[in-house]
Structure formats: C-alpha cells, structure tokens
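Visitor: Residue numbers (the numbering used here): 17 to 335.
By construction, the Cβ of each residue, glycine as well, lies at the ideal position given by its N, Cα and C atoms.
Starting off with a structure, shown below.
As structure tokens, this is what we get:
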C-alpha cells in the first residue's frame, strides 16, 4: 500500500503511532507500526471498495479470454476499415481453430465491446520454441538480415532464442507484406494488428464463422475457372511489380471469398531482387498455380505459362 493512499484519512482511532529509534543514526526517524488500533469507518469502506474493484477488473465480461491487445500492438495501414474495433475496453473471445499448419495456427476470434456482436477476426499465431525448424526457411531468409551478429548466429544454430527470432521475423514479414499489398489494392485480407508472433487479420468468411474455402476445395465451372485464373495472374503481376514473389503459392493458400480470389499465407514473401533465388521463386509460383488449373481442365493456350513468367520477370526488373 502506498503512503499517499492514506493521506486523506485518519487511519486509526487510538493512540498516535510511537516513533522508533534508528539503529544506525541513533535518533527517532520512523513511526513504529501500531498493531492495536482499529481502522476508521472511512478507511474500512475505502479498502472494501478497492477489493471489490480489483475483483471486478480481473473478471472478463461475456466469457471472453482476454482484454483487447490493440493498445500494445503494431497497427494496420490507413485508411482503416470501419469494422476494426479500436476501443481499449473491448474483449477478445477465442472461438476455436480454423486451420493448423507447420509454422502457425489460425484461430477464429471475436473482438468487441461487452454486450455487442463484435467483429470476427482471424488470429494467426506462429509457433516457435516447440518446433525445431520452420518449413524450408533457409531459402526464404536469404536477403533478410538482423542487426546483431548474436541474433544471426542464434537463428543459424536454431537455438530456442533463435527459433523465437525466426518466428517473429515471419510475423513481421507477413504483416509488412500484407500492409503494403493491401494499400496497393491487392486481394489480401486487411492486417488489423501484430503483437509479437500473433497477427490479427480480416476474417474471410461468413457471419456465422464459416471460413471461405480454399481454391483447392472449389469445383468451378469452365467460365469460373478461367475467371479465377485471370484473377490469380493479376495478383502475381501486382506482386512482381513490387519486386515480390509469394514464395509458396498454391491452390491451398488462395481463398475464394464471394467469387473473389484472395491471397493468404505470406510469411515467406520473397524480395526477388535481394534474394539470389528470386527468379526461381517466381517460376515456382507460376508452375504450382498453373498445374492446378491445368488439372481442372484449363488449357495451356489460356494460361500461357512461359509467356506469363517472362512478363513477371520483366515486371520485377530481373531482365
């Protein structure tokens, strides 16, 4: 209890506190604690209120799991969508796992003020210390550098500290890429915030919590298939113009949300200029994507993959 908490009150009814002699200075300099006095009614009421307030503050309303982490997080780009909840009195409720992966799990989260419907978000949480390696991370990390040699060594040796650094690097890289691409109008979910290794992203799905299907799960008719291909190539061209490749593009990290193809899972986004293997990452993205469309019946005369790849390499400034 801090001394100034009691300054406005006469704490005890009985005798004034006795003063004790300092063992070092040989003088009276501190009051000796009094144990026989009784609290005044005013102080008793005040302490009861403090206890009640402390109890209330520790109880999360509406069965929530935590208070909003907005205040401590890095925020997404402006102009911010009007559905983003920024009030610090909001609470977060975890509604379950949407997807599990090798490097991260995605949970469905509801954020809102108590008593309101709130907003559904996708909470992507990178795992680090319990996993020894990140999937093919060595190639993706080319061109990324930490400031301190100690951090670089820890990452190279995959110590617990190094794995945590890698996890946060993935989160930072994905949040930065999403922020940059969303600002450019790319088909990506809005990045709401990043705190440590957790990203909160726009939830692509329905109000009842049903997530948008992956491209691999849909069975489009021929016209829809062609439209989705041209949406995919437009996204590839936009990334290439920014000097980027997705790095792991496939039908499993593209969602079809109300007829629109959305690019997700960008932790391994590659700077094709800084990364020595940049051109190969571009080529792999094109091959992976075209292979799925070919398997669904879209012909090479439509995809023209070699021509597309040459256009992407040129757009990225690699030729």
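#1: Mind checking residue 228: buried by the 16 CB within 10 Å criterion, or exposed?
#2: Quick test of the definition: if touching needs 3 or more C-beta pairs under 8 Å, does the region 211–223 touch the region 124–141?
#3: Is residue 287 helix, strand or coil when you go by DSSP?
#4: Residues in its own chain within less than 8 Å of residue 101 by CB, not counting five upstream and five downstream?
#5: With DSSP collapsed to three states, give me the class of residue 97.
#6: Taking only the alpha-carbon atoms, compute the straight-line gap between residue 290 and residue 334 and give it to the nearest angstrom.
#7: So, is residue 264 buried or exposed, given that buried needs 16 or more other C-beta atoms within 10 angstroms?
#8: Nearest by alpha-carbon distance to residue 110: which of 82, 210, 269 and 60 is it?
#9: Under 8 Å between the Cβ atoms of residue 230 and residue 268?
#10: Using the C-alpha atoms, what's the distance from residue 211 back to residue 328?
#11: Across which residues does DSSP place residue 233 in a beta bridge pair?
#12: Per the contact definition of three or more C-beta pairs closer than 8 Å, is the region 248–259 in contact with the region 313–329?
#13: Can you give the beta carbon distance from residue 197 to residue 204, rounded, assuming they're within the 8 Å contact cut?
#14: Residue 190: buried (16+ other C-beta within 10 angstroms of its C-beta) or exposed?
#15: Note the first and the last residue of the continuous alpha helix (DSSP H) segment covering residue 75.
#16: Rounded to a whole number of angstroms, what is the C-alpha to C-alpha distance between residue 192 and residue 243?
#17: Would residue 76 pass as a contact of residue 107 if the rule is Cβ separation under 8 Å?
#18: Hey, quick one: how far does the beta strand (DSSP E) through residue 271 stretch, first residue to last?
#19: With DSSP as the reference, label residue 113 as helix, strand or coil.
#20: What first and last residue would you give for the beta strand (DSSP E) that runs through residue 121?
#21: Please classify residue 138: does DSSP put it in a helix, a strand, or coil?
#22: Buried or exposed: which applies to residue 120, given that a residue is buried once 16 or more other Cβ atoms fall within 10 Å of its Cβ?
#23: In angstroms, rounded to a whole number, what distance separates the CA positions of residue 332 and residue 202?
#24: Of the choices 188, 113 and 98, whose alpha-carbon is the least far from that of residue 226?
#25: Check for me: the beta strand (DSSP E) holding residue 223 runs from which residue to which?
#26: Take residue 259 and list the residues in its own chain whose beta-carbon comes closer than 7 Å to its own, dropping the five residues that flank it on each side.
#27: Using the Cα positions of residue 132 and residue 94, report the straight-line distance between them to the nearest angstrom.
#28: Would the beta-carbon of residue 255 fall within 8 Å of that of residue 220?
#29: Starting from residue 238, follow the alpha helix (DSSP H) in both directions and report where the run begins and ends.
Guide: If we stick to the structure as given:
#1: Looking up residue 228 in the chain shown gives position 212. Buried is the call here.
#2: yes
#3: Position 271 of the chain shown holds residue 287. Reduced to three states, the DSSP call for residue 287 is strand.
#4: Here residue 101 refers to the residue found at position 85 when the chain shown is read from its first residue. Correct list, in chain order: 84, 86, 127, 128, 129, 134 and 135.
#5: Within the chain shown, the letter at position 81 stands for residue 97. Of the three classes helix, strand and coil, the one that applies to residue 97 here is coil, per DSSP.
#6: Sequence index remark: in the chain shown, residue 290 carries index 274 (1-based). Sequence index remark: in the chain shown, residue 334 carries index 318 (1-based). Computed Cα separation, rounded: 11 Å.
#7: For the purposes of this step, residue 264 is identified with residue 248 of the chain shown, where counting begins at 1. Residue 264 should be labelled buried.
#8: Taking the chain shown and counting its residues from 1, one reaches residue 110 at position 94. With distances taken between Cα atoms, residue 110 lies closest to 82.
#9: Residue numbering aside, residue 230 sits at position 214 when the chain shown is read from its first letter. Residue numbering aside, residue 268 sits at position 252 when the chain shown is read from its first letter. Yes; because the gap between Cβ atoms is below 8 Å, this pair is in contact.
#10: One-based indexing of the chain shown puts residue 328 at position 312. One-based indexing of the chain shown puts residue 211 at position 195. C-alpha separation (whole angstroms): 33 Å.
#11: Counted from its first residue, the chain shown places residue 233 at position 217. Paired residue(s): none; residue 233 is not in a bridge.
#12: yes
#13: If you number the chain shown from 1, residue 197 lands on position 181. If you number the chain shown from 1, residue 204 lands on position 188. Yes, residue 197 and residue 204 are in contact; Cβ-Cβ is about 5 Å, under 8 Å.
#14: Start at 1 with the first residue of the chain shown, and residue 190 comes out as number 174. Classification of residue 190: buried, given that the 10 Å Cβ count is 16 or more.
#15: Taking the first residue of the chain shown as 1, we reach residue 75 at position 59. It is not in any alpha helix (DSSP H) - residue 75 carries neither H nor E in the DSSP assignment.
#16: What you label residue 192 is simply residue 176 of the chain shown in a count that begins at 1. What you label residue 243 is simply residue 227 of the chain shown in a count that begins at 1. Roughly 29 Å separates the two Cα atoms.
#17: What you label residue 76 is simply residue 60 of the chain shown in a count that begins at 1. What you label residue 107 is simply residue 91 of the chain shown in a count that begins at 1. Closer than 8 Å, so yes.
#18: Locating residue 271 in the chain shown gives position 255, counting from the first residue. That run of the beta strand (DSSP E) goes 270–273.
#19: The residue labelled residue 113 in the question sits at position 97 within the chain shown. The answer is strand: DSSP assigns residue 113 an E or B state.
#20: For the purposes of this step, residue 121 is identified with residue 105 of the chain shown, where counting begins at 1. Residue 121 -> beta strand (DSSP E) spans 120–128.
#21: Taking the chain shown and counting its residues from 1, one reaches residue 138 at position 122. Correct three-state label for residue 138: strand.
#22: Within the chain shown, residue 120 is the residue found at index 104, counting from 1. Classification for residue 120: buried.
#23: Here residue 332 refers to the residue found at position 316 when the chain shown is read from its first residue. Here residue 202 refers to the residue found at position 186 when the chain shown is read from its first residue. Distance between the alpha carbons of residue 332 and residue 202: 16 Å.
#24: Position 210 of the chain shown, counted from the first residue, corresponds to residue 226. Here the closest residue by C-alpha is 113.
#25: Residue 223 sits at position 207 when you count from the first residue of the chain shown. No beta strand (DSSP E) contains residue 223, which DSSP labels as neither H nor E.
#26: To locate residue 259, count along the chain shown from 1; it is residue 243. If we look at residue 259 and ignore the five residues flanking it on each side, its Cβ neighbours are 287, 288, 289, 332 and 333.
#27: Here the question's residue 132 lines up with position 116 in the chain shown. Here the question's residue 94 lines up with position 78 in the chain shown. Roughly 25 Å between the two C-alpha positions.
#28: For the purposes of this step, residue 255 is taken as the residue at position 239 of the chain shown. For the purposes of this step, residue 220 is taken as the residue at position 204 of the chain shown. Not closer than 8 Å, so no.
#29: Against the chain shown, residue 238 aligns to sequence position 222. Counting along the chain, the alpha helix (DSSP H) containing residue 238 begins and ends at 238–257.
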